[in-house]
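Residue numbers (this note's numbering): -11 to 309. All C-beta atoms in this analysis are idealised placements derived from N, C-alpha and C, irrespective of residue type, glycine included. Reviewing the structure listed below.
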Ligand code: TXA
Ligand code: MG
């Protein structure tokens, strides 16, 4: 793969030039790999939709490295959201705020709001600073598929359709950012992710509201998403696991933590049952299970607190429930 290059300082500078010239570059963030373009370049952003086969109604996240860049994309930041960006940026938090009219409509899929975040990854920040412009970047996977946590996964799924892929190893968090917005004086969770709801509530001193799935404020939040080719099943009982094994030849069992004496192909999301470790392993396991052509990947649920909320959200979407 000729476009897969290590994220050395020289190569990041090269990638920044590619972005300035209207190209598209896959790059690491602390959550997952993103596929980036100049947020103000309609044609370059259009190429991202094309390469990902992403529907035009699904808006992108704009990545900034400074507060000055934030002002170029956002019109205003409500004080409560500012409190959150002060506390958690750079980090796995995306805020949806009123958009600057100068930002092209294609970047936000025609919405009057824009999703923005400051990623906590040296390569991502260096790239944005060098390009000296906000970078629009969805996760670097074909639409509906699992988000990549390694550069090789990007190369395998998008390949030569992107101009450059910067390789900086595995992304530390492994699930996408948490997305929140303010509406009717409520803090709404649009997508659980790498920053836990508990941490957000601690800083704000009030509850975060869950979004109802039928809410129109959730463009692109389709039910089936993050899906590998193998069928994903969430197990409520061991009985279901044994039934699956009677029905299918190739079943991969995924358990939240180490357990002895289980029959069949089994893998642990975390040795010690640590939710952060589970999140960082989740997508790698889905990619690997697909590559090994398992018919079914069967997960036991993980506790829905901290990062467990994001993990269960992705699993339900992968299972189509
Ligand atoms: O961690 C992440 O957030 C990664 C890395 C690359 O930064 N990015 C990511 O982007 O997950 P993507 O495109 O896969 O997901 C972005 C989602 C969209 O599907 C949409 O649901 C939501 O963000 N979004 C974007 N703009 C929005 C807006 N104006 N209002 C509501 N939701 C929005
Ligand atoms: Mg995505």
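Residue i versus residue j - alpha carbon distance
| i | j | result |
| --- | --- | --- |
| residue 143 | residue 21 | 11 Å |
| residue 116 | residue 62 | 17 Å |
| residue 302 | residue 168 | 17 Å |
| residue 34 | residue 177 | 28 Å |
| residue 255 | residue 242 | 5 Å |
| residue 249 | residue 220 | 23 Å |
| residue 118 | residue 182 | 26 Å |
| residue 41 | residue 114 | 28 Å |
| residue 28 | residue 122 | 8 Å |
| residue 233 | residue 260 | 26 Å |
| residue -6 | residue 155 | 5 Å |
| residue 283 | residue 239 | 6 Å |
| residue 179 | residue 81 | 10 Å |
| residue 92 | residue 6 | 20 Å |
| residue 133 | residue 216 | 6 Å |
| residue 308 | residue 193 | 34 Å |
| residue 19 | residue 269 | 12 Å |
| residue 286 | residue 23 | 30 Å |
| residue 65 | residue 85 | 6 Å |
| residue 30 | residue 37 | 11 Å |
| residue -3 | residue 13 | 15 Å |
Where residue i falls: helix, strand or coil (DSSP)
| i | result |
| --- | --- |
| residue 301 | helix |
| residue 81 | strand |
| residue 270 | helix |
| residue 153 | strand |
| residue 244 | coil |
| residue 262 | coil |
Delimiting residues of the alpha helix (DSSP H) encompassing residue i
| i | result |
| --- | --- |
| residue 8 | -3 to 8 |
| residue 33 | 30 to 40 |
| residue 45 | Note, residue 45: premise wrong, no alpha helix (DSSP H); not H, not E. |
| residue 74 | 67 to 76 |
Residue i, enclosing beta strand (DSSP E) - first and last residue
| i | result |
| --- | --- |
| residue 55 | Where residue 55 is concerned, there is no enclosing beta strand (DSSP E), although the alpha helix (DSSP H) it sits in stretches over 55 to 61. |
| residue 219 | 219 to 222 |
| residue 232 | No beta strand (DSSP E) holds residue 232; the alpha helix (DSSP H) holding it covers 226 to 235. |
| residue 22 | 22 to 26 |
| residue 287 | 284 to 287 |
| residue -8 | -8 to -6 |
| residue 12 | From DSSP, residue 12 is part of no beta strand (DSSP E); its letter is neither H nor E. |
| residue 254 | 253 to 256 |
| residue 49 | 49 to 51 |
Neighbour flag for residue i against chain B, beta carbons, 7 Å
| i | result |
| --- | --- |
| residue 177 | Absence of chain B from the displayed structure is noted, only one protein chain being present. |
Heavy atom of the ligand NAP within 6 Å of residue i beta-carbon
| i | result |
| --- | --- |
| residue 46 | Ligands displayed in this structure: the ligand TXA and the ligand MG; the ligand NAP is not among them. |
Enumerated in chain order, which unbroken segments of the beta strand (DSSP E) with a length of 3 residues or greater are wholly contained in the stretch 161 to 209? Counting whole runs of 3 or more residues, the stretch 161 to 209 contains the beta strand (DSSP E) stretches 166 to 171 and 174 to 179.
Closer than 7 Å: residues whose CB approaches a heavy atom of the ligand MG: Having a Cβ closer than 7 Å to some heavy atom of the ligand MG are 126, 127, 129, 135 and 164.
With a floor of 3 residues, list each beta strand (DSSP E) that falls wholly inside the stretch 84 to 144, ordered by position along the chain. 101 to 105, all fully within the stretch 84 to 144.
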